[in-house]
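Engineer: Okay, here's the structure, questions in a sec.
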Amino acid sequence: MIYFDKVSKIYSPTSIALEDVSFTIKPSEFISLVGPSGAGKSTLLKMLLAEERPTSGTVFFESHDVNKMTRIELPKIRRRMGVVFQDYRLLPHKTAYENIAFALEAGGAPEEDIERDVPQVLDIVGLTDKAWHFPGQLSGGEKQRVAIARAIVSKPDVVIADEPTGNLDPANTHDIIDLLQKINDMNNTIVILATHDKEVINSLRRRVVTLDKGKVVRDEEKGKYVL
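Sequential numbering of the sequence shown, starting at 10, is according to the numbering used here.
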């Protein structure tokens with residue numbers, strides 16, 4: 010379970026990113042965070058990853074207060090979260106296989122685990138035939154599927170997708186959203202999707218938390234993008 014408890018982030022009196030935000034994300038839930046650019050979506054996700062600290066309030070991951078964790082504890086929690094970005098963030102001089110394997114290597118996984126798990130996730134995202142292609146040889150949709158494979162190869166409890174379709178055409182957008190739903194259904198993985206794509210949100214019919222000017226203005230179990 011993830012719980013944001015009265016979270017605010019204030020940079021200055023004229024720059025308030027989040028104001029008194031509270032909501033809970035249940036195990037195995039697929040939730041969309043929506044709102045216009047500057048609404049506070051990315052700031053909220055950075056709070057969960059402890060890349061930003063709240064000015065006030067608390068962020069809980071299960072029973073852990075994320076912002077009170079030590080430097081030793083924090084990497085253990087972060088390894089339970091896979092992150093997918095709009096700009097892919099792939100290593101350009103490593104193949105698709107090597108980019109995914111790198112996530113396991115960084116966590117100290119043994120070679121036999123890497124050799125078993127990387128082909129499995131390449132199959133899940135439909136890129137077995139592109140395993141030895143470099144990012145420059147892949148389309149935008151294929152790059153994002155590699156990024157998703159990298160995010161799920163460690164079998165995280167949570168996948169955070171921050172505007173994952175922002176650089177993609179409608180066909181690839183549809184494929185990526187289908188893949189995120191598949192991951193959610195297959196492993197009971199929490200998926201947190203941050204987006205301002207109305208068509209994506211309205212097609213999902215999943216829970217939608219709407220942010221506007223740093224505040225939660227709507228929280229609906231089967232929501233739409235309405236502002």
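We put the CB at the ideal spot given by N, CA and C, even for glycine.
Check whether the Cβ atoms of Val93 and Tyr234 sit closer than 8 Å, and answer yes or no.
Structural biologist: No.
Engineer: Return the chain-ordered list of same chain residues with a C-beta closer than 6 Å to the C-beta of Glu208, the five sequence neighbours on each side being excluded.
Structural biologist: Once the five neighbours on either side are set aside, Glu208 has no close Cβ partner at all.
Engineer: Just mark Glu151 as buried or exposed, buried being the case when its beta carbon has 16 or more other beta carbons within 10 Å.
Structural biologist: Buried: at least 16 other Cβ atoms inside 10 Å.
Engineer: How would you label Gln146, buried or exposed, when you count the other beta carbons within 10 angstroms and need 16 or more for buried?
Structural biologist: The residue in question, Gln146, is exposed, as its Cβ has fewer than 16 Cβ neighbours within 10 Å.
Engineer: Please tell me whether, using a cut-off of 7 Å, the distance from the CB of Met78 to the nearest non-hydrogen atom of the ligand ZN is below it.
Structural biologist: In the structure shown, the ligand ZN is absent, as is every other ligand, since no ligand is present at all.
Engineer: Residue range of the beta strand (DSSP E) that Tyr20 falls in?
Structural biologist: Run containing Tyr20: 11-21, per the beta strand (DSSP E) assignment.
Engineer: Counting only the same chain and skipping the five closest in sequence on each side, list residues whose C-beta sits under 7 Å from that of Phe32.
Structural biologist: Same-chain partners within the cutoff: Phe13, Val218, Val225, Asp228.
Engineer: Check Leu100 in the structure and name its three-state DSSP category.
Structural biologist: Correct three-state label for Leu100: coil.
Engineer: Which residue comes first and which comes last in the alpha helix (DSSP H) that contains Asp275?
Structural biologist: Only positions 10 to 236 of the chain appear in this structure, which leaves residue 275 out of reach.
Engineer: Could you tell me which of Asp122, Gly66, Ile11, Ser37 sits nearest to Lys191, measuring between CA atoms?
Structural biologist: Of the candidates Asp122, Gly66, Ile11, Ser37, the one whose C-alpha sits nearest the C-alpha of Lys191 is Ser37.
Engineer: Considering just the uninterrupted stretch of the alpha helix (DSSP H) at Ile109, what are its terminal residues?
Structural biologist: 105-115 is the span of the alpha helix (DSSP H), which, as asked, contains Ile109.
Engineer: Go ahead and pull the three-state DSSP assignment for Met78.
Structural biologist: It is coil, neither helix nor strand.
Engineer: According to DSSP, which residues form a beta bridge with Val167?
Structural biologist: In DSSP, Val167 forms a bridge with Met90, Ile199.
Engineer: Give a yes or no on whether the C-beta atoms belonging to Ala105 and Ala140 are separated by under 8 Å.
Structural biologist: Result yes, Cβ atoms of Ala105 and Ala140 sit closer than 8 Å.
Engineer: Since Ser41 contacts Thr204 with CB under 8 Å, what's their CB separation in whole angstroms?
Structural biologist: So it is a contact: roughly 6 Å between Cβ atoms.
Engineer: Indicate whether Gly223 and Leu27 have their beta-carbon atoms separated by less than 8 Å.
Structural biologist: Yes, these two residues count as a Cβ contact at 8 Å.
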